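Chains as they are written, first to last, in this note's numbering: chain A, 124 to 445; chain B, 124 to 445. We treat Cβ as the ideally placed atom computed from N, Cα and C, and that holds for glycine. Quantities reported herein were computed from a predicted structural model and do not represent experimental measurements. See structure below.
Set out below in structure tokens:
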């Protein structure tokens, strides 16, 4: 009997060591694990039944890298360039001119609107299947400028472990991203274990048409929904219909999703990933054009949300690290 | 050994008898079962891996009754009446006048637009939680005029069995309804085993606001998305991101969803429920204002889709039948 007990203790401490192995022991990991234990303890006061265990994750900067430019934007801008010969009217468009001149400074000064307008037009008229193929083709060959690797290698290993850990504990995991659903669907299931139907994102309008007797969905130039900032709780309401119990983000675009989640009744988890590791990844926050973390950081401090330091809380960032 | 074999055969024939028990033996049941066996047979040419086993169901008229008036419309029109004192400007509105006069004929002559406009205004300004409560309250007390029972009793028993049968065979089941998501979420999980996040429907605009320091979602008067007719494949694309392998409907509003599903590569199932049982439920098709089945019926015949006769294919329609 004593022997059995020893074995059980051994197994359980081994299991503990295996939880979130790429996370250093410390406040962030301890609080995440404590939250999961509390909401899954059927006899505890914080118990949450499995159906309500909804966890939402921002993608860019939270589950994978986003510097020096959102990866989807790199793809989209290449699509704009490729479509340029069919659009002579773009030659006088300031956004197009800045883009062709690689005038990063000018591009940063602009609002996103004129760029998104070009992007929308560049991809309109094609079927959703053709667009999906274009994304897959690009992802198969494009390389990140700093890491010289496919973009899909740049998913954060500790977050992959966190997703798996939550699912093992009965959570349903969703992506809620400012990026478009189409761009995530081809690789998110393999990378994160999140199927297409659990990805919420921005949406370009599509229209149902019958072409050569075959029903197809054709992309239009307008955006139907922008899933960013205050759009994130709206996207969650539309697609999930419940207030999540846990939310994970990294920038001001996630602020309302974190607020909306944290304001629910009962125990909640709100976590922000802070990019403070210039050596292994990138270091940026309040002053950054991409993934700006300013208001959400203040709010995190004021409300005691978990702020993860990539530098000190994560043993490794990418799976390809030694 | 022979004994074991007999037992196995017995078990397997008992299991067969238990499949879709409220369905009469016949062409419809045989074809549904043959489809499920084909796509789940790992060695067969029609095999579909579990992740791609997406089945989509219309709600009104397919999973529950819809006559003499869509149940949600009954609720909404009561909401309009309740909001009338706050909207003196409605007194000159033809749709409102017809509604208050119970002028069914005049209402049927109108397009849905002026009625939906009233509905949108009647429910705007409240939080989504308050709206959810109003729906639950109404469902708890309202009774169907013919059956004198709560509307939620009017779910079709054979379709509940079909949903469960598909899920037992690895399918993920979704509702894709012209009705609004909010109206289905409070009861669909219990009635159909379909969670809130697998319900696609029409959407009124909601906006994120902070009221008294608490983040809430507030309903606006405009519709953000109408999930009917050609909107259904669009809703499927947005929320699921894959072409379903099986689709179930009952009216012309489901035509494009059925076409879109049937046109996919590999084996597909398209099924229409035909309301031809005036005694046990209602009988209506080509001439009906509610749940009109005309073009979709022709298409079903032309393409050999399954057409279920409620009268002859279903042993019983409702669970409360003797």
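Query raised in the report: From this set, 174/A, 181/A, 420/A, which residue's C-alpha is nearest residue 350/A's C-alpha?
Result: Working through the first chain from its first residue, we reach residue 350/A at position 227. For residue 350/A, the closest C-alpha among the options 174/A, 181/A, 420/A is that of 181/A.
Query - At least 3 beta-carbon pairs within less than 8 Å: the stretch 372-384 of chain B vs the stretch 322-339 of chain A - result: Note that the stretch 372-384 of chain B touches the stretch 322-339 of chain A; at least 3 beta-carbon pairs, one per stretch, sit closer than 8 Å.
**Report entry** Residue range of the unbroken beta strand (DSSP E) whose run includes residue 328/A
**Finding:** Walking along the first chain from the start, residue 328/A turns up at place 205. In the DSSP annotation of this structure, the continuous segment of the beta strand (DSSP E) that includes residue 328/A starts and ends at 322-334.
Report task. Check the Cβ of residue 174/B against every Cβ in chain A and list those closer than 8 Å, keeping chain order. Result -> Position 51 of the second chain, counted from the first residue, corresponds to residue 174/B. The CB of residue 174/B comes closer than 8 Å to the CB of 312, 318 in chain A, given here in chain order.
Query raised in the report: With 8 Å set as the bound, which would you pick, yes or no: does the beta-carbon of residue 142/B sit closer than that to a beta-carbon of chain A?
Result: Locating residue 142/B in the second chain gives position 19, where the first residue counts as 1. Judged by the 8 Å Cβ criterion, residue 142/B is not in contact with chain A.
**Report entry** Same chain, Cβ closer than 8 Å to residue 124/B, neighbours up to 5 away in sequence not counted
**Finding:** Position 1 of the second chain, counted from the first residue, corresponds to residue 124/B. Low per-residue confidence applies at residue 124/B: pLDDT is 49, beneath 50, and the placement is therefore not dependable enough to give any value.
Query raised in the report: Under the three-state reduction of DSSP, which class applies to residue 352/A: helix, strand or coil?
Result: Translated into the one-based positions of the first chain, residue 352/A becomes position 229. Three-state DSSP puts residue 352/A in coil, outside helix and strand.
Query raised in the report: What does residue 360/A touch in chain B if you count any residue whose Cβ is under 8 Å from its own?
Result: To locate residue 360/A, count along the first chain from 1; it is residue 237. Within 8 Å Cβ-Cβ: 251, 329, 340.
Query raised in the report: What is the DSSP secondary structure of residue 124/A, reduced to helix, strand or coil?
Result: Taking the first chain and counting its residues from 1, the one referred to as residue 124/A is at position 1. Because residue 124/A carries a pLDDT of 49, less than 50, the predicted location of this residue cannot be relied on, and the following value inherits that uncertainty. Coil, per DSSP.
Report task. Could you tell me if residue 264/B is buried or exposed, where buried requires 16 or more neighbouring beta carbons within 10 angstroms of its beta carbon? Result -> The count along the second chain starts at 1 and reaches residue 264/B at position 141. Answer is exposed; the Cβ neighbour count stays below 16.
Query - Beta-carbon gap between residue 262/B and residue 274/B smaller than 8 Å - result: Residue numbering aside, residue 262/B sits at position 139 when the second chain is read from its first letter. Residue numbering aside, residue 274/B sits at position 151 when the second chain is read from its first letter. Against a cut-off of 8 Å, the Cβ pair of residue 274/B and residue 262/B comes out as a contact.
Query raised in the report: Where residue 188/A and residue 282/A are concerned, what is the direct C-alpha to C-alpha distance, given to the nearest angstrom?
Result: Start at 1 with the first residue of the first chain, and residue 188/A comes out as number 65. Start at 1 with the first residue of the first chain, and residue 282/A comes out as number 159. Spanning the two alpha carbons is a distance of roughly 12 Å.
Query - Extent of the continuous beta strand (DSSP E) run through residue 244/A - result: Residue mapping note: residue 244/A aligns to position 121 of the first chain, counting from 1. Premise fails: residue 244/A lies in the alpha helix (DSSP H), 235-245, not in any beta strand (DSSP E).
Report task. Please report the residue range of the alpha helix (DSSP H) in which residue 435/A lies. Result -> Here residue 435/A refers to the residue found at position 312 when the first chain is read from its first residue. Following the DSSP letters along the chain, one finds residue 435/A inside the alpha helix (DSSP H) bounded by residues 433-436.
Report task. With distances taken Cα to Cα, identify the nearest neighbour of residue 362/A among 329/A, 298/A, 402/A. Result -> If you number the first chain from 1, residue 362/A lands on position 239. Relative to the Cα of residue 362/A, the nearest Cα in the group 329/A, 298/A, 402/A belongs to 298/A.
Query raised in the report: Checking contacts by CB at 8 Å: is residue 364/A closer than that to chain B?
Result: Here residue 364/A is taken as the residue at index 241 of the first chain, counted from 1. Taking Cβ atoms only, chain B reaches closer than 8 Å to residue 364/A, which makes this a yes.
Requested in this report: Measure the Cβ-Cβ separation of residue 364/B and residue 173/B and say whether it is below 8 Å.
Outcome: If you number the second chain from 1, residue 364/B lands on position 241. If you number the second chain from 1, residue 173/B lands on position 50. At least 8 Å separates the beta-carbon of residue 364/B from that of residue 173/B.
Query raised in the report: What are the boundary residues of the beta strand (DSSP E) that residue 299/B is part of?
Result: Residue 299/B sits at position 176 when you count from the first residue of the second chain. Unbroken beta strand (DSSP E) run through residue 299/B: 295-303.
Report task. Say whether the stretch 149-160 of chain B touches the stretch 338-349 of chain B, bearing in mind that this needs 3 or more beta-carbon pairs closer than 8 Å, one atom from each stretch. Result -> No: the two stretches stay apart, fewer than three of their Cβ pairs being nearer than 8 Å.
Query raised in the report: Using a Cβ-Cβ cut-off of 8 Å (strictly less than) and excluding sequence neighbours within five positions of residue 424/A, which residues of its own chain qualify?
Result: Start at 1 with the first residue of the first chain, and residue 424/A comes out as number 301. Correct list, in chain order: 430.
Query raised in the report: Per the contact definition of three or more C-beta pairs closer than 8 Å, is the stretch 305-323 of chain A in contact with the stretch 367-375 of chain B?
Result: The stretch 367-375 of chain B vs the stretch 305-323 of chain A: no contact.
Requested in this report: Give a yes or no on whether the minimum CB-CB distance between residue 124/A and chain B is below 8 Å.
Outcome: The sequence position of residue 124/A within the first chain is 1, counting from 1. Reliability fails at residue 124/A, whose pLDDT of 49 lies under 50, so the model's placement of it is uncertain and the value that follows must be treated cautiously. Not an interface residue.
Query raised in the report: Are there 16 or more other CB atoms within 10 angstroms of the CB of residue 190/B, so buried, or fewer, so exposed?
Result: One-based indexing of the second chain puts residue 190/B at position 67. Flag for residue 190/B reads buried.
Query raised in the report: Within 8 Å (strictly less), CB to CB, does residue 386/A reach chain B?
Result: Within the first chain, the letter at position 263 stands for residue 386/A. Interface with chain B (8 Å Cβ-Cβ cutoff): residue 386/A is included.
Query raised in the report: Which partner residues does residue 338/B have in the DSSP bridge list?
Result: Position 215 of the second chain, counting from 1, holds the residue named residue 338/B. According to DSSP, residue 338/B bridges with 333/B.
Query raised in the report: For chain B, is any of its Cβ atoms less than 8 Å away from the one on residue 211/A?
Result: By one-based count along the first chain, residue 211/A stands at place 88. Not closer than 8 Å to any Cβ of chain B, the Cβ of residue 211/A fails to qualify, so no.
Query raised in the report: Between residue 393/B and residue 337/A, what straight-line distance do the alpha-carbon atoms span, to the nearest angstrom?
Result: Within the second chain, numbered from 1, the residue matching residue 393/B stands at position 270. Within the first chain, numbered from 1, the residue matching residue 337/A stands at position 214. Take the alpha-carbon of residue 393/B and the one of residue 337/A: they are about 16 Å apart.
Query raised in the report: Would you report the Cα separation of residue 372/A and residue 160/A, rounded to the nearest angstrom?
Result: On the first chain, position 249 is the one that residue 372/A refers to. On the first chain, position 37 is the one that residue 160/A refers to. One C-alpha to the other measures close to 21 Å.
Query raised in the report: DSSP on residue 345/B, reduced to helix/strand/coil?
Result: Within the second chain, residue 345/B is the residue found at index 222, counting from 1. If DSSP states are grouped into helix, strand and coil, residue 345/B belongs with the strands.
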